[in-house]
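Notes follow the structure.
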Amino acid sequence: NSIWEAGISSQKGWKKPKANDDRSTKETWIKSKYQWKGFLEYTAEDGQRQEEREAKFNVDLFHASLGGDVYRVAEALAKGGSVDWKNASEGDKTALHACAVGGYTSSKDDQVDDGGGLANWQGRECAELLIQNGAKLDATDSEEHDVLECAVCGNGRREMVEFLTAKLA
Numbered sequence: 519n520s521i522w523e524a525g526i527s528s529q530k531g532w533k534k535p536k537a538n539d540d541r542s543t544k545e546t547w548i549k550s551k552y553q554w555k556g557f558l559e560y561t562a563e564d565g566q567r568q569e570e571r572e573a574k575f576n577v578d579l580f581h582a583s584l585g586g587d588v589y590r591v592a593e594a595l596a597k598g599g600s601v602d603w604k605n606a607s608e609g610d611k612t613a614l615h616a617c618a619v620g621g622y623t624s625s626k627d628d629q630v631d632d633g634g635g636l637a638n639w640q641g642r643e644c645a646e647l648l649i650q651n652g653a654k655l656d657a658t659d660s661e662e663h664d665v666l667e668c669a670v671c672g673n674g675r676r677e678m679v680e681f682l683t684a685k686l687a
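Quick note: to get the working numbering, add 518 to the position in the sequence shown (first position is 1).
In structure tokens:
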């Protein structure tokens, strides 16, 4: 909700429905929140036009995936980042490719705080979120490597290789 309702204060006439509100009120709220993305908060740096925002959040999604930062991945997805976008400056890798080679920590002690109180999560949680949002395990980069091949050849952690192998089975 911290992502999906961040801009609610700037929307006039909206209030979150309560448990005893009628079904129609709840449906309208849910559609406004998730389908129309009406309560997301954008900043000037995010761009004014939809194309600018998509471009920014595609890059944000890629970098958040590389860092295994589940919160930032969720935010980029909510705001228009595409799991299918290929980063031309990184060999046409997708966010899932980036996540597969990022690997990231396997213990809480190794997690890095981003200064905003949010810790980077393990790459597996990031990969799972990307897959749940339609990322394709068989997507290939400019060298025709799929996600698992990138994890194996690109210094992906053993846990990530095992996770991706299980997803392919």
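The C-beta atom is built at its ideal place from N, Cα and C for all residues, glycine as well.
Under the DSSP definition of a beta bridge, which residues are partnered with LYS597?
On the sequence shown, position 79 is the one that residue 597 refers to. LYS597 pairs with nothing; no bridge assigned.
Burial state of ALA613 (16 or more Cβ within 10 Å)
Working through the sequence shown from its first residue, we reach residue 613 at position 95. Burial check for ALA613: the Cβ neighbour count within 10 Å reaches 16 or more, so the residue is buried.
Mark CYS671 as exposed unless 16 or more other C-beta atoms lie within 10 angstroms of its C-beta, in which case mark it buried.
The residue labelled residue 671 in the question sits at position 153 within the sequence shown. Under this definition CYS671 is an exposed residue.
Is it right to say GLY609 is buried, meaning 16 or more other beta carbons lie within 10 angstroms of its own, or is it exposed?
The count along the sequence shown starts at 1 and reaches residue 609 at position 91. Flag for GLY609 reads exposed.
Excluding the 5 residues flanking LEU647 on each side, which residues of the same chain have their C-beta closer than 8 Å to its C-beta?
Residue 647 sits at position 129 when you count from the first residue of the sequence shown. If you ignore the 5 residues before and after LEU647, its C-beta comes within less than 8 Å of the C-beta of VAL588, VAL591, ALA592, LEU595, all in its own chain and listed in chain order.
Indicate whether the contact test is met: 3 or more Cβ pairs, each with one atom in the stretch 573–588 and one in the stretch 539–554, closer than 8 Å.
Contact between the stretch 573–588 and the stretch 539–554 is absent: fewer than three C-beta pairs spanning the two stretches fall below 8 Å.
By Cβ distance, which residues of its chain are closer than 6 Å to TRP603, with the 5 residues on each side in sequence left out?
Along the sequence shown, one-based indexing puts residue 603 at 85. Annotation for TRP603: ASN576 place their beta carbon closer than 6 Å to its own, counting only its chain and skipping 5 residues before and after.
Mind checking which residues open and close the alpha helix (DSSP H) that includes GLU572?
As a first step, residue 572 is located in the sequence shown; it is residue number 54 there, counting from the start. Unbroken alpha helix (DSSP H) run through GLU572: 568–585.
Tell me the DSSP bridge mates of LYS611?
Taking the sequence shown and counting its residues from 1, the one referred to as residue 611 is at position 93. By DSSP's assignment, LYS611 forms a beta bridge with ASN605.
Would you report the Cα separation of GLU677 and LYS597, rounded to the nearest angstrom?
To locate residue 677, count along the sequence shown from 1; it is residue 159. To locate residue 597, count along the sequence shown from 1; it is residue 79. Within the model, the alpha-carbon separation for GLU677 versus LYS597 is close to 29 Å.
Exposed unless 16 or more other CB atoms sit within 10 angstroms - verdict on LYS533
Position 15 of the sequence shown holds residue 533. Residue environment analysis places LYS533 among the exposed positions, since fewer than 16 neighbouring C-beta atoms fall within 10 angstroms of its C-beta.
For LYS544, report the span of its alpha helix (DSSP H) as first-last.
Reading the sequence shown from its first residue, position 26 is the one you call residue 544. Looking at the DSSP string, the run of the alpha helix (DSSP H) that includes LYS544 is 541–548.
Out of SER550, GLY599, LEU682, which has the shortest C-alpha to C-alpha gap to GLU569?
The count along the sequence shown starts at 1 and reaches residue 569 at position 51. Between GLU569 and the set SER550, GLY599, LEU682, the nearest pair of CA atoms involves GLY599.
When SER660, VAL601, SER520, GLY525 are compared against GLN650, the one with the closest alpha-carbon:
The residue labelled residue 650 in the question sits at position 132 within the sequence shown. That would be VAL601, whose Cα lies nearest to the Cα of GLN650.
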